[in-house]
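Protein chains in written order, with my numbering: chain A, 1103 to 1386; chain B, 2 to 286. Positions of the beta carbon are idealized from the N, C-alpha and C atoms, including for glycine. Let me begin by presenting the structure, written as C-alpha cells, before commenting on it.
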Amino acid sequence: MALAPLVFLIIFRYGPMLGNIIAFRRFRPGGSIYGEEWVGLRYIETFVNDPTFWKVFTNTAILGGLTLAVCFPLPIVLALMLNEIRRAKFKRVVQSITYLPHFLSVVIVAGMVIQLLSLPGTVNQIIQAAGGDAIPFLQRPEWFRAIYVGSEAWQTMGWGTILYLAALTSIDESLYEAAKIDGANRWQQTWHVTLPGIRPTMITLLILNIGGFLNVGFEKVLLLYNPLTYQTGDVISTYLYRVGLVSNNMSYAAAIGLFQAIIGLIMVMSANLASRRLVGTSLW
Amino acid sequence: MRAFQVFNACFMVVLCAVMLYPFVMVLAQSFSSAAAIRSGLVSIVPVGFNVDTYVAVLTNGTFWRNYGNTVLYTVLGTALAMVLTTSYAYVLSKKHLKGRGALIGIAVFTMFFNGGIVPNYVLLSALGMKNTIWAVVVPGALSVFNLLVMKSFFENLPVEMEEAAQIDGLGWYGIFFRIVLPLSKAVIATMVLFYSVQYWNDWFGAFLYLNKSELFPITLYLRNMIAGASNAASEGAAAAGSTSTQIAANIQAVTMTLTVLPILCVYPFVQRYFVTGVMLGSVKG
C-alpha cells in the first residue's frame, strides 16, 4: 500500500533534489537531466560574483523579514482577541470571514490588489477624497514591499489563527481559576497563563516560518511585480525563474536554487536547535 | 473590562469589512459599466448596472474550455492525491510497522528541502509531461501536511475495531476499505476539500508546463488577462485611460467572480469540517 506513494515521492520529490547536480554539471536541453559534464563550482562562482544576485538576495531577505515580522504575530493577536469574544455566534461569523481569503488563488488575490491600487481604484479614491493626488502604486518600487506584505497579511492572518485557537481551548481552566485567586486581572491572566499555554504552537510555527524565509511568495511576486518595481520586488526565486526558464540557463539557475534551498534547510535546523536549547520545545 | 469588550467587537466588525471589501468590490465591478469603473465610481454598489459583461464572458468559447479544464484537473488531481495520501497515511499510522520512522522521515524531509523549480522543470520535461495534463495533475498529488493530518486521524481510531475485523478474517485491504475508510468520513471530506481547492487555484504548474491555450486552466486564463492589463498599465496606457485596459477590468471582474464562485458556494457547508480536520492533525501532531 505504501508503494505507490513511495514511488511518487522518490520520482517527484527526490528526483529533483538529485537533479540539482546540474548546478555542478553543464546541462544541455534535450540531454541527460543530470547534465553532460562536470564543471565544478563554475556556476556557484558566477552567482557569487553576480551583482544582480546580491541585489535580489537583499530584496528577498528584506521581504522575508518583513513578512515574518508582520504575518507571524498577527494571527496570535487575532486569536487572543477572538478568544475574548463571548458570543459564540459572532465569533463563528468573524472566523468564517477571516478564513475566507486563504482559499483564494494567488491569481485572484493579485487581481484584487491590482484593482484596488489602480489609478481609479478604491485606495486612490480615498486618497483623492482626502485631497491627495492619485499614486500609481504598482509602478513605484517604494510601495512594492508594503503591497506585498499587506496582501499577505490579508490572506493569511485569519487562517493562521486556527492552530492558536485550538491551542487556547486546550489550556487547563484551573490555571485561570488559580490565577484569579492569586488576584490576577485579565491582562495578567493573558500574560501569565494564556501566552505560555500557546507557546509550543508559537514556536512550532515560528520554526516553520523561518524555514520558508527565503521562499517568499514566489508566485505572488511574479504576479505583482513588473520591470518598474524589480528594484525592490525582484527576489531570488523570480530571478532564477528568469535566468533559468526564460533565458534557458538551467545550470546557473539550479545553482541559485540549490543555494536558496540549503540556506532554508540550515535556517530550519538552527531555529529548531535554538528553540530546543532556549525553551525546550522543538519540531524534532 | 466593558470598554475592552466594546473595542474588541468594533475591531472585529472593521476587520470583517476589510476582509470582505475586495470581494464586494469585484462583484460590484462585474455588474458595472466600463465607463463607471474607469471614472472610479464603483466601490460596493454597481454603477450603470448591466449583465452584458457576463453575457460576453459566458458566450466566450475559450472561457468555457479553460473553465472545463479547471474542473477536469481538479477532479483528476484530487482523486489521485486522495489515493496516494490515504494509502500512505494508513500505513504510517500503524505503530508496529517496521521502518515506519524511515517512511515518515522520507515524507517529512521534503517539507524542509525541495528540488527547486529548475530541476523540477527539467525532470517533467524529460518525462515528456510538458503540454499534457499530467504536468498539472501529478506533481502536487501528495501534500505532506495533509498526510500528517490524516495519519494522526487514523492513529486515533480505536484499534479494537481493526483487531476484531482481523479475527473475523478480513485482510489488510478489507480492513482498510470496509472499516477504516467508512469511519474516516470527516477527515476524508477535509482532505478532498483541501486538494480540490489546491487544484482549483493552481496556475503555476500550468504556466510552466503548458504552452497550448486550449489546455489552460481558468486561473491561467485570468492571469494572462491581468498580466496583459498591467503590462499596458506599466507602459502608461492606463494613465491615458485607454479603453482596452478598462474593458479588461470589467471582464476581469466577471472572470474573477466566476472563478471564486464554486469555492464560495461550498465554503459555508464544509467550513465546520475542515476546522476540526486541521485541529485534529495539528494538536496531536
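Item                                                                                                                        : Value
Beta-carbon proximity of B:M192 to B:N147, cut-off 8 Å                                                                      : yes
Rounded straight-line distance, which links the Cα of A:P1298 to that of B:G242                                             : Any reading at B:G242 must be qualified, since the residue scores a pLDDT of 45, below 50, and its modelled position is unreliable; no value is offered.
7 Å CB neighbourhood of B:C11 in its chain, flanking five on each side removed                                              : none
Integer-rounded CB distance, given that A:P1222 should sit under 8 Å from B:G41                                             : 3 Å
Alpha-carbon spacing of B:Y274 relative to A:L1218, whole angstroms                                                         : 32 Å
Chain-order list of residues whose beta-carbon lies under 8 Å from that of B:M83 (same chain, five-residue window excluded) : I189, M192, V193 and Y196
Coil, strand or helix - B:A241 by DSSP                                                                                      : Per-residue confidence for B:A241 stands at a pLDDT of 44, beneath the threshold of 50, marking its modelled position as unreliable; the derived number appears in the next sentence. Residue state, collapsed to three classes: coil.
Of the listed residues A:L1182, A:P1131 and A:Y1136, nearest to A:L1265 (C-alpha basis)                                     : A:L1182
Proximity winner among A:R1127, A:Y1136 and A:L1105, relative to A:P1118 (alpha-carbon distances)                           : A:Y1136
Test: B:G59 CB closer than 8 Å to a CB of chain A                                                                           : According to the sequence as given, residue 59 of chain B is Leu; it is not Gly. No, B:L59 does not count as interfacial toward chain A.
Cβ pair A:L1325, A:A1212 closer than 8 Å                                                                                    : yes
Proximity winner among A:I1123, A:V1318, A:S1198 and A:T1306, relative to A:V1370 (alpha-carbon distances)                  : A:T1306
B:F64, buried or exposed, once every other Cβ within 10 Å from all chains shown has been counted against 16                 : buried
Coil, strand or helix - A:E1139 by DSSP                                                                                     : strand
Cβ-Cβ separation, A:M1259 to A:L1176 (assumed contact under 8 Å), whole Å                                                   : 5 Å
As assigned by DSSP and simplified to three states, the class of A:R1379                                                    : helix
Rounded distance between the beta-carbons of A:T1169 and A:V1318, thought under 8 Å                                         : 6 Å
Own chain, CB closer than 7 Å to B:S235, minus 5 neighbours either side, in chain order                                     : Residue placement at B:S235 is flagged as unreliable, the pLDDT there being 49, under the threshold of 50; the coordinate-derived value follows with that caveat. Correct list: empty, nothing qualifies.
The ligand ZN heavy atom lying under 7 Å from the CB of A:W1245                                                             : Annotation note on the ligand ZN: not contained in the displayed structure, which lists no ligands.
8 Å Cβ cutoff met for B:I134 and B:V198                                                                                     : no
A:R1188, DSSP secondary structure in three states                                                                           : coil
For A:R1144: DSSP bridge partner residues                                                                                   : Per DSSP, none; premise fails for A:R1144.
8 Å Cβ cutoff, A:E1244 in contact with chain B                                                                              : no
When A:N1226, A:L1342, A:S1372 and A:V1381 are compared against A:I1146, the one with the closest alpha-carbon              : A:L1342
Range of the contiguous alpha helix (DSSP H) that encloses B:E164                                                           : V160 to I168
Length of the line joining the Cα atoms of A:T1296 and A:I1178                                                              : 11 Å
Sequence-distant residues of the same chain with beta carbon closer than 6 Å to A:F1114, five excluded per side             : none
Beta-bridge partners of B:R3, as assigned by DSSP                                                                           : DSSP, once it has assigned bridges, lists no residue as partnering B:R3.
Buried versus exposed call for A:D1336 [16 or more other C-beta atoms within 10 Å across all chains shown]                  : buried
Opposing strand residues paired with A:R1128 [DSSP bridges]                                                                 : A:E1139
Test: A:F1126 CB closer than 8 Å to a CB of chain B                                                                         : no
Three-state secondary structure assigned by DSSP to B:H97                                                                   : coil
Residue burial classification, A:T1271 (beta-carbon count within 10 angstroms, cutoff 16)                                   : exposed
Members of the segment 59-81 of chain B that neighbour chain A once the beta carbon cut-off is set at 8 Å                   : none
For B:V52 and B:T220, the rounded distance between their alpha carbons                                                      : 22 Å
Best match in A:Y1332, A:W1140 and A:I1216 for proximity to B:P23 [C-alpha to C-alpha]                                      : A:I1216
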